[in-house]
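> Under the numbering used here, the final residue of the sequence shown carries the number 423; numbering is consecutive throughout. Dumping the structure here so I can ask a few things about it.
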Amino acid sequence: MRLRLPNITSIILAWVIVMIGMCPPRTAQAKSKPPSLAILPFVAQQRSQRGLARRMRFAVGKKMSRNGHFRRVSDHQVDMMINALQIPWRRHVAASDIKKVISTLAVDQAVMGFVNHRRLTLQLYTHGKLVRTVAGTIPPDNTSPRLAVESLLTRLDNIPFHHVSEQQVNLTNPIYQHLFKVRPNLVPDAHFRLAAENGGRAKDWSVFLLKEDYHPPYLGNQQAANLPSDRVAIVNQSVADGGRPHAKGKCLMMRMGLGVAQNNGLAAESTWIPVKQGDRYRVSVSYCGNGPRVRVFVKGFAYWPDQFSRAGDLASQRRELYRAQLLPVMTKPKWKTTEMDFEPQSVKSQAKKYLIKWVRIDLFIYLNKGDAFFRDIQLKDITPGKHGG
C-alpha cells in the first residue's frame, strides 16, 4: 500500500526544512551525538496483519531508542520521506527502494521489518548496507510481545536484555523477612506524595506510551474520574478504594483502553535508583484495579559511555544490561502485593568491566482495558551482614 498525501511538492519542501534542521554543519562536537536511527514502516504480507505490523514497528523503535543510545528520526518524518519519494510501500518492497529511502534520510542505521502471519523478520542496515537479518515468532495477542522483541533485537544489534528466571520471593526465610522489615526503602517518592504536596508532577516517575514521555500529574477526585484512556496520574487513594472517605494517602493510577491493552501496553517507570551489583534485593509492589494484567520489571543499568555519549547527560552514558521480572498478575478490586528477590548481575563476560549501578522499576499493564492502581513501591537491600540490620 502506498502512503499518500495530497500535495507532494509541499511535502518535499517541508522535508527539506526538516532535514536542514536535523543536519547542521559538521563540527568537532558532532562526534558526541549518538548514531541516528530510522525505523522504516513494517510490511505485512497479508492485509489482515497490517495492524500487527504497525504495532511491531512501534515496539522495535521504542526498545531501540529507550536508553538514549540512538538519535531516532520520528516515524512521521520517515513516512513523509517515503511519500515525497513516491515509493509504493506494498507487500514486496524492492531492496533498491529501501536503500533509496535510507540514503535520502542520511541515517547511520535503519531497521526494516516484514510480518508474515505471526512471523517477524527484521533487517538491519548500517550506512545503507544490509548487515544482518533475523526472524522470530510473535506470541499470540493475549501475551506481551516484549520478550520476543527483545530476543530479536539482541540477535539483530547486540542490544542486551539480560533476564533472570521468573520467581517469587521466598517468604519462608526469616532472615530476609527481618531485613526487609528494617532496611530503608530505596525508591524515591514510593508513596507518590510529592506531586500532591508540590501541586505539580511526580518527577521521580515517568510514563511511556507511543511517542509520549511525561511525569504523571496530580489530579483531584473529579479530574481522576474523568481521566482519559491511556493516561497516568497521581490520585487520592480514595479513588482506588471506591470513593470511601477513610482511604488515605496517594497512589498511581493507570487508565488503559482496549487498543493499547492488546498492543503495546502502558508503562510507568521510576527514576534511576543506585544499587550494588551482587547484593540481594527485594522489590515489593501493592496493586489493585478492575482487570488489566500487571507485570513488574526491574531493569539494571551499567555506566558504559561510548563515542556517542553526551557530556553532562548521564542517561546517554548508561546501558541496560540486566532485567528481572515478576510473574504477571491480574488486578482485582482489593489491594494485593507481589514481591520478588533478585541479585543484579551484568552479562558474565562483561561483569568485571560493566557493573550494574542503577535499576529502574517498570510498572507495566496490558491485555485488558480498565484501571490499575499502585502504591507502596519498595526496593530494599536485604544482603545479610551489610548496611546494618
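Ideal placement from N, C-alpha and C gives every residue a C-beta, glycine not left out.
May I ask you to verify whether the region 332-339 touches the region 207-222, counting CB pairs closer than 8 angstroms and requiring at least 3?
no
> Can you tell me where the alpha helix (DSSP H) holding Q256 begins and where it ends?
Locating residue 256 in the sequence shown gives position 222, counting from the first residue. Looking at the DSSP string, the run of the alpha helix (DSSP H) that includes Q256 is 255-259.
> Leaving out five residues on either side along the sequence, give the residues of the same chain with a beta carbon under 7 angstroms from the beta carbon of I297.
Along the sequence shown, read from residue 1 onward, the residue named residue 297 stands at position 263. Residue identity differs from the one stated: residue 297 is Asn in this sequence, not Ile. Excluding sequence neighbours, N297 sits near R89.
> I think G312 touches E377, with their Cβ atoms under 8 angstroms apart; what is that distance to the nearest whole Å?
For this step, residue 312 is matched to residue 278 along the sequence shown. For this step, residue 377 is matched to residue 343 along the sequence shown. Rounded, the Cβ-Cβ distance is 6 angstroms, consistent with contact.
> Just to confirm, are F407 and M287 a CB contact at a threshold of 7 angstroms?
Counting from 1 along the sequence shown, the entry for residue 407 is found at position 373. Counting from 1 along the sequence shown, the entry for residue 287 is found at position 253. Yes, the Cβ-Cβ distance between F407 and M287 is below 7 angstroms.
> Could you tell me the alpha carbon to alpha carbon distance between L360 and V328, rounded to whole angstroms?
Position 326 of the sequence shown, counted from the start, is the residue given in the question as residue 360. Position 294 of the sequence shown, counted from the start, is the residue given in the question as residue 328. When only Cα atoms are considered, L360 and V328 end up about 9 angstroms apart.
> Pick out the complete beta strand (DSSP E) segments inside the region 65-146, 3 residues or longer, and give them in chain order.
The region 65-146 contains, as complete beta strand (DSSP E) runs of 3+ residues, the segments 70-73 (chain order).
> Identify whether V52 lies in helix, strand or coil by the three-state DSSP scheme.
Within the sequence shown, the letter at position 18 stands for residue 52. Note that V52 has pLDDT 46, beneath the 50 cutoff, so the model's placement of it is unreliable and no number is given.
> Please classify R352 as buried or exposed, where buried requires at least 16 other C-beta atoms within 10 Å of its C-beta.
Counting from one through the sequence shown, the residue named residue 352 turns up at place 318. Answer is buried; the Cβ neighbour count reaches 16.
> Name the residue from D410, V273, W306 whose alpha carbon lies nearest to the alpha carbon of M391.
For the purposes of this step, residue 391 is taken as the residue at position 357 of the sequence shown. Looking at the sequence itself, residue 391 is Lys, so the reference to Met does not match. Ranking the options by Cα distance to K391, first place goes to W306.
> Is the Cβ-Cβ distance between W239 and P251 less than 7 angstroms?
The count along the sequence shown starts at 1 and reaches residue 239 at position 205. The count along the sequence shown starts at 1 and reaches residue 251 at position 217. W239 is not a Cβ neighbour of P251, given a cutoff of 7 angstroms.
> First and last residue of the beta strand (DSSP E) that includes V294?
For this step, residue 294 is matched to residue 260 along the sequence shown. Segment 292-295 is the alpha helix (DSSP H) holding V294; no beta strand (DSSP E) there.
> Going by the DSSP bridge assignment, what does P308 pair with across the sheet?
Position 274 of the sequence shown, counting from 1, holds the residue named residue 308. BP columns for P308 point to W392.
> By the 10 Å Cβ neighbour count, where 16 or more other Cβ atoms means buried, how is V294 classified, buried or exposed?
Looking up residue 294 in the sequence shown gives position 260. In this structure V294 is buried. Its beta-carbon is surrounded by 16 or more other beta-carbon atoms within 10 angstroms.
> May I ask which residues mark the beginning and end of the alpha helix (DSSP H) holding F214?
Here the question's residue 214 lines up with position 180 in the sequence shown. From DSSP, the alpha helix (DSSP H) with F214 extends over 208-216.
> Between V145, T160, N192, Q256, which lies nearest to D109 when the distance is taken from Cα to Cα?
What you label residue 109 is simply residue 75 of the sequence shown in a count that begins at 1. With distances taken between Cα atoms, D109 lies closest to V145.
> Short check: CB of Y321 to CB of T365, under 7 angstroms?
Indexing the sequence shown from 1 puts residue 321 at position 287. Indexing the sequence shown from 1 puts residue 365 at position 331. Yes, they are a contact pair.
> Since I believe V183 is in contact with K97 (beta carbons under 8 angstroms), could you give me their beta-carbon distance rounded to a whole number of angstroms?
The count along the sequence shown starts at 1 and reaches residue 97 at position 63. The count along the sequence shown starts at 1 and reaches residue 183 at position 149. Confirmed, Cβ separation roughly 6 angstroms.
> What is the DSSP secondary structure of I45, counted as helix, strand or coil?
Counting from one through the sequence shown, the residue named residue 45 turns up at place 11. Residue placement at I45 cannot be trusted, given a pLDDT of 47 that sits under 50; what the coordinates show is reported in the next sentence. I45: helix per DSSP, three-state reduction.
> Distance, Cα to Cα, T371 vs V319?
Within the sequence shown, the letter at position 337 stands for residue 371. Within the sequence shown, the letter at position 285 stands for residue 319. T371 and V319 have their C-alpha atoms spaced approximately 6 angstroms apart.
> Applying the 10 Å Cβ sphere with the 16-neighbour rule, what's the burial state of N260?
Translated into the one-based positions of the sequence shown, residue 260 becomes position 226. With fewer than 16 other Cβ atoms within 10 Å, it is exposed.
> Tell me the rounded alpha-carbon separation between R105 and K282.
Stepping through the sequence shown from its first residue, residue 105 is reached at position 71. Stepping through the sequence shown from its first residue, residue 282 is reached at position 248. Cα to Cα, the separation comes out at about 43 angstroms.
> Determine the DSSP secondary structure at V183, reduced to helix, strand or coil.
On the sequence shown, residue 183 is found 149 positions in, with the first residue counted as 1. Helix.
> Assign Y248 to buried or exposed, taking buried as 16 or more other Cβ atoms, counted over all protein chains shown, within 10 Å of its Cβ.
Your numbering for residue 248 matches position 214 in the sequence shown. When all chains shown are included, Y248 counts as exposed.
> From the DSSP secondary-structure annotation, give me the bridge partner or partners of K282.
Residue numbering aside, residue 282 sits at position 248 when the sequence shown is read from its first letter. In the DSSP output, where bridge partners are listed per residue, K282 has none listed.
> Under the rule that 16 or more other beta-carbon atoms within 10 Å means buried, what is I209, buried or exposed?
The residue labelled residue 209 in the question sits at position 175 within the sequence shown. Exposed, by the Cβ-count rule.
> Should Q157 and L71 be called a contact, given that it needs their Cβ atoms to be closer than 7 angstroms?
In the sequence shown, residue 157 corresponds to position 123, counting from 1. In the sequence shown, residue 71 corresponds to position 37, counting from 1. No, these two residues do not count as a Cβ contact at 7 angstroms.
> Just to confirm the assignment, what range does the beta strand (DSSP E) spanning A169 have?
Numbered from 1 along the sequence shown, position 135 holds the residue referred to as residue 169. Run containing A169: 163-171, per the beta strand (DSSP E) assignment.
> Could you pull the start and end residues of the beta strand (DSSP E) that V269 belongs to?
Within the sequence shown, residue 269 is the residue found at index 235, counting from 1. Note, V269: beta strand (DSSP E), 265-270.
> Could you check which residue in L181, Q202, Q257 has the C-alpha nearest to that of I24?
The question about residue 24 has no answer, for the chain in this structure spans 35 to 423.
> Looking at the structure shown, is K414 part of a helix, part of a strand, or coil, going by DSSP?
As a working note, residue 414 is residue 380 in the sequence shown. Three-state result, K414: strand.
> Per DSSP, Q157 forms a beta bridge with which residues?
The residue you call residue 157 lines up with position 123 of the sequence shown. Bridge partners of Q157: M146, T167.
> Less than 7 angstroms between C-beta atoms, sequence neighbours within five positions excluded: which residues of the same chain meet that for R153?
Taking the sequence shown and counting its residues from 1, the one referred to as residue 153 is at position 119. A169, T171, listed in sequence order.
> Give the DSSP bridge partners of G404, in chain order.
Within the sequence shown, numbered from 1, the residue matching residue 404 stands at position 370. The bridge partners DSSP lists for G404 are M290.
> CB-CB under 8 angstroms to K387, same chain, minus the five flanking residues each way: which ones, in chain order?
Along the sequence shown, one-based indexing puts residue 387 at 353. Nothing listed; no residue qualifies.
> Give the secondary structure of V221 by DSSP, where H, G and I count as helix, E and B as strand, and everything else as coil.
Residue 221 sits at position 187 when you count from the first residue of the sequence shown. DSSP places V221 in coil when its eight states are reduced to three.
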